[in-house]
Every structure is written in structure tokens, then in C-alpha cells.
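Report on the following structure.
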Amino acid sequence: MSDAIEGVKPIRRKLASGAERVYYYHRATGHRLPDDPASPAFKAMLDRANREAASLLRPPRPSTRTIATLIRTYQSAPDWTKLAASTRETEQFNINAIEREFGDMPLAAVEQKGARAIFLEWRDELAEEHPRAADGKLVRLARILKFAFDREMIDKHPLATFRRVYGVDRSATLWLPEHFAALNAEARPEIRLAAFVALHTGQRRGDLIALRWGQYDGSAIRLTQSKTGAQVFIPCTKALRTALDELRALASAARLDVEMCPILLSPSGRPWTIEAFKTAWRRAFQRSGITADLHFHDIRGTAVTMLAEAGCTVPEIASITGHALESAQRIIDRYLARTNALAVSAIAKLEARLS
1 MSDAIEGVKP
11 IRRKLASGAE
21 RVYYYHRATG
31 HRLPDDPASP
41 AFKAMLDRAN
51 REAASLLRPP
61 RPSTRTIATL
71 IRTYQSAPDW
81 TKLAASTRET
91 EQFNINAIER
101 EFGDMPLAAV
111 EQKGARAIFL
121 EWRDELAEEH
131 PRAADGKLVR
141 LARILKFAFD
151 REMIDKHPLA
161 TFRRVYGVDR
171 SATLWLPEHF
181 AALNAEARPE
191 IRLAAFVALH
201 TGQRRGDLIA
211 LRWGQYDGSA
221 IRLTQSKTGA
231 QVFIPCTKAL
241 RTALDELRAL
251 ASAARLDVEM
261 CPILLSPSGR
271 PWTIEAFKTA
281 WRRAFQRSGI
291 TADLHFHDIR
301 GTAVTMLAEA
311 GCTVPEIASI
321 TGHALESAQR
331 IIDRYLARTN
341 ALAVSAIAKL
351 EARLS
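The sequence shown lines up with residues 1 to 355 when you count with the UniProt record's numbering.
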């Protein structure tokens with residue numbers, strides 16, 4: 001009978017008395033089964049052993065844990081549920097923003113080098129318009145990641161410490177000529193072009209990546225900013241026109257429908273994705289050896305200060321960059337505060353030298 005049971009191996013042994021006894025073992029797992037194959041206990045243990053064998057043979061399921069699933073876990077724990085109802089209502093806006101931006105990011109990626117830079121850059125982009133709100137979103141993300149770290153869901157907390165931008169003078173993050181020179185010495189042509197176009201237009205990374213040749217008429221660029229919906233008209237500098245005209249001639253020679261082709265392309269000749277551009281930019285910046293705390297979006301603020309230095313009014317600057325008037329004014333004020341402080345320091349040093 002036992003020989004007919006699939007997956008069961010009978011072992012016959014002769015006892016000291018001379019009698020023969022049969023032992024039953026599950027072939028796949030090696031578990032010993034009850035002595036009576038007709039008993040309910042035998043059937044139950046056989047079924048359990050078969051299920052165990054099937055789970056051992058089944059390939060491991062890929063991890064489906066993402067920041068979105070982490071948020072669900074976090075919001076079911078006392079760390080969230082014990083907060084005041086008014087706090088949860090306010091913080092839900094921050095969590096919604098986090099999930100929109102990073103919801104599909106695997107938790108394994110949170111532990112990788114570069115994750116911290118991605119989180120900080122996101123915060124800094126938001127801080128262009130609303131620095132306090134941007135800090136609030138990063139603080140909530142940091143608490144969610146601490147929740148995951150404390151429960152050993154991640155082995156590294158990339159936001160264990162960070163500086164807030166609200167109330168901090170960000171004028172020191174201007175891109176100076178020596179910064180661009182260091183970047184251009186190490187970066188690929190595609191990254192150098194992106195930095196050049198950003199400086200000459202004052203636009204955000206996402207809008208530059210989406211920019212098509214049809215939006216450039218040979219003298220100016222027209223676009224609708226994805227973040228604010230603002231429509232901007234950007235007359236091109238002579239240097240920018242020259243660079244774009246040369247590029248469009250090359251694009252026209254290679255493509256039939258150049259008007260719909262992106263101006264900025266990856267090294268493979270394909271449109272950039274945000275993540276691919278972030279990775280390429282981060283690698284170029286690391287190779288450049290720049291030690292200042294600079295990001296791509298800081299080029300936008302640098303463009304504002306350059307226009308101010310050229311004598312442009314705040315409304316003129318905002319019409320080009322798409323900044324709110326108060327945001328453009330804030331950047332200029334911080335820049336002037338910085339340059340005034342440098343001037344005072346310079347005179348003090350001069351007086352000390354002459355005395």
C-alpha cells in the first residue's frame with residue numbers, strides 16, 4: 001500500500017524479535033510520517049509536508065516593499081495613530097506629497113548611496129517657493145524612515161541628520177564661474193549643455209528636459225512651466241542662440257520631425273528621464289570635485305542673481321524665470337546681503353593691512 005502513495009518512501013526494518021516493521025518518510029522533506037497510512041493523522045501530516053515542499057521549491061517572491069507600502073505600515077502604527085487628529089490632518093498633506101514623489105521607490109533603494117542626495121534635492125526644489133513647507137515634508141519623510149529603521153525594515157537611515165533650509169541664507173549656494181569650469185572639465189557634453197541652458201533660461205530641470213525644438217523660434221523660447229502652469233517667454237542670449245542653432249542643424253540632419261524632438265538628449269540620443277538625468281548629474285558633480293553644497297536647481301537662483309546684476313527689475317526677472325515676485329525678490333535680497341557682508345569683510349581686511 002505504501003509503495004502506491006506518491007511522495008512517500010517506505011523503509012522496512014527487521015526488529016530484534018524477527019518481525020518486520022515499515023517506517024514512512026516524506027521523500028521531499030525527509031519528515032517521518034505516522035505508522036498507519038490509513039489514519040487521518042498520516043493524511044494530515046502528508047498534506048502539511050507537501051505544502052512545505054512546495055514552498056521550498058517555489059522561487060522567492062521579489063520584494064514588493066516600497067515607500068508607499070512603508071507609509072501604509074507607518075500610518076497603522078502608534079507613531080502615527082497617537083498623534084493629535086489636527087496634526088494628522090495637517091501632516092497628511094506632507095505624506096501625500098512624499099507618496100506622489102517617491103511612492104514606487106523600493107525600500108532597498110533607500111539604503112543605496114545617492115538616496116540622501118535625491119531626497120535633499122527634492123526638498124530644495126520645493127524650497128524655491130515655500131521653504132518652510134519644504135522642510136516640513138522632509139521632516140515627515142525622515143520620521144517615516146526612522147520608523148522603518150527602528151523596526152529593521154531598512155539598515156540605513158539616509159535622513160538621520162540634515163539642515164533645514166527655512167531661515168537659512170541660501171545665497172551662498174550660487175554657482176560661480178569656477179564651479180561651472182570644474183563641472184565642464186569632467187562632465188559629458190549632454191550634462192554641460194543642460195547646465196548651460198539652465199543658466200541662460202533660469203528654468204527648472206523638469207521643464208528643460210521636456211523642452212522641444214518647436215518651442216524655440218530662433219530668437220526666444222516659449223514654455224508652460226509644469227509646476228506652476230506659468231507661461232514664460234524667454235528671449236535667448238546670443239550665446240544661447242548660437243548653441244541652439246548649431247544643435248538644431250545637427251538634429252534636422254538626423255531626424256524628419258525635429259520640432260517634436262527634445263532639445264536635451266541623453267548620451268544614447270534618447271530623451272532624458274528624470275531619474276536618468278539625476279543619476280548622470282550626480283556622477284558628473286562627484287567627479288568635478290566641487291566641495292560647495294550645490295545642486296542643479298541652484299543654477300536657477302544663480303540666473304536670477306545674474307539678471308539682477310545686469311540691472312533687471314524684479315518683474316522683468318520673474319517674467320523670464322517664472323518665479324513669483326516675492327520669491328525672486330527674496331533671492332536677490334539674500335544675494336545682496338551676502339555681497340554686502342563680503343564687502344564689509346574686505347574693507348576690514350584692507351584697513352587691518354594698512355594700519
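Yeah, the Cβ is synthetic: ideal placement off N, Cα and C, and Gly gets one too. The structure presented is a predicted model; accordingly, all values stated were derived computationally and were not measured.
Practice problem: Hey, could you find the ends of the beta strand (DSSP E) residue 74 is sitting in? | Solution: Residue 74 -> not in any beta strand (DSSP E); alpha helix (DSSP H) instead, spanning 67–75.
Quiz item: With 16 as the cutoff for other CB atoms within 10 Å, does residue 342 come out buried or exposed?
Solution: At residue 342, the pLDDT of 49 sits below 50, so the modelled position is not reliable; the number obtained from the coordinates is stated separately. Burial state of residue 342 is exposed, judged by a 10 Å Cβ sphere holding fewer than 16 other Cβ atoms.
Quiz item: Is it the case that the Cβ atoms of residue 144 and residue 216 are separated by a distance below 8 Å?
Solution: Against a cut-off of 8 Å, the Cβ pair of residue 216 and residue 144 comes out as no contact.
Quiz item: Which residues in the same chain as residue 155 place their Cβ atom closer than 7 Å to its Cβ, once the five residues preceding and following it in sequence are excluded?
Solution: Excluding sequence neighbours, residue 155 sits near 111.
Exercise. To the nearest angstrom, report how far apart residue 125 and residue 78 are at their CA atoms.
Key: Cα atoms of residue 125 and residue 78: separation of roughly 31 Å, rounded to the nearest angstrom.
Quiz item: With distances taken between CB atoms, is the gap from residue 24 to residue 13 smaller than 8 Å?
Solution: In this structure, the beta-carbon distance from residue 24 to residue 13 does not fall below 8 Å.
Quiz prompt | Contact check, residue 265 vs residue 190, beta carbons under 8 Å | solution = Going by C-beta atoms, residue 265 is nearer than 8 Å to residue 190.
Quiz item: For the 8 Å Cβ check, are there 3 or more pairs between the region 265–280 and the region 201–220?
Solution: Flag = yes, the region 265–280 and the region 201–220 touch.
Exercise. Would you decide whether residue 70 is buried or exposed? Buried here means 16 or more other CB atoms lie within 10 Å of its CB.
Key: The residue in question, residue 70, is buried, as its Cβ has 16 or more Cβ neighbours within 10 Å.
Practice problem: Could you name the residues of the same chain whose beta carbon sits closer than 6 Å to that of residue 138, not counting the 5 residues immediately before and after it, in chain order? | Solution: Excluding sequence neighbours, residue 138 sits near 123.
Practice problem: Measure the alpha-carbon distance for residue 67 versus residue 313 and round it to whole angstroms. | Solution: Computed Cα separation, rounded: 43 Å.
Quiz item: First and last residue of the beta strand (DSSP E) that includes residue 224?
Solution: Residue 224: member of the beta strand (DSSP E) spanning 220–224, first to last residue.
Self-check item: Euclidean distance between Cα positions of residue 101 and residue 244
Solution: When rounded, the separation of the alpha-carbon atoms in residue 101 and residue 244 is 32 Å.
Quiz item: Is the region 317–333 in contact with the region 289–306, if contact means three or more CB pairs nearer than 8 Å?
Solution: With the cut-off at 8 Å, the region 317–333 and the region 289–306 touch.
Quiz item: Can you tell which of 47, 214 and 90 has its C-alpha closest to the C-alpha of residue 258?
Solution: Just measuring C-alpha positions, the residue of 47, 214 and 90 sitting nearest residue 258 is 214.
Quiz item: Per DSSP, what kind of secondary structure is residue 286 in: helix, strand or coil?
Solution: Helix, per DSSP.
Exercise. Note down, one range per segment and in chain order, each alpha helix (DSSP H) of at least 4 residues found wholly within the region 111–170.
Key: Counting only runs of 4 or more, we get 115–127 and 131–150.
Exercise. Inspect the beta-carbon positions of residue 252 and residue 236 and report whether they are closer than 8 Å.
Key: No, the pair does not count as a contact, with Cβ atoms beyond the cut-off.
Quiz item: residue 91 to residue 298, Cα distance in whole Å?
Solution: Rounded to the nearest whole angstrom, the C-alpha separation of residue 91 and residue 298 is 27 Å.
Quiz item: Which partner residues does residue 26 have in the DSSP bridge list?
Solution: DSSP, once it has assigned bridges, lists 8 as partnering residue 26.
Practice problem: List in chain order: all unbroken alpha helix (DSSP H) runs of 4+ residues lying wholly within the region 221–264. | Solution: If we require 4 residues or more, the alpha helix (DSSP H) runs fully inside the region 221–264 come out as 238–254.
Self-check item: For residue 83, three-class secondary structure by DSSP
Solution: For residue 83, the secondary structure class from DSSP, reduced to helix, strand or coil, is coil.
Quiz item: Are residue 120 and residue 162 touching if we call contact CB-CB under 8 Å?
Solution: It is a contact, given that the beta carbons lie within the stated cut-off.
Quiz item: For the candidate residues 176, 142, 239 and 276, whose alpha-carbon lies nearest to that of residue 205?
Solution: It is 276.
Practice problem: Can you tell me the Cβ-Cβ gap for residue 117 and residue 282, rounded? I've got them flagged as a contact below 8 Å. | Solution: Confirmed, about 6 Å.
Practice problem: Apply the 10 Å Cβ neighbour rule to residue 267 and answer buried if 16 or more other Cβ atoms are within range, or exposed otherwise. | Solution: When all chains shown are included, residue 267 counts as exposed.
Practice problem: Taking the CB atoms as reference points, tell me whether residue 183 and residue 195 lie closer together than 8 Å. | Solution: In contact: residue 183 and residue 195 (Cβ atoms closer than 8 Å).
Quiz item: residue 60 by DSSP, collapsed to three states: which one?
Solution: Residue placement at residue 60 is flagged as unreliable, the pLDDT there being 42, under the threshold of 50; a coordinate-derived value is accordingly withheld.
Self-check item: Backbone secondary structure at residue 33 - three-state DSSP
Solution: Strand, per DSSP.
Quiz item: So what does residue 89 bridge to, in DSSP terms?
Solution: As DSSP reads the structure, residue 89 sits in no beta bridge.
Practice problem: State the DSSP-derived secondary structure class of residue 270, mapped to helix, strand or coil. | Solution: DSSP places residue 270 in coil when its eight states are reduced to three.
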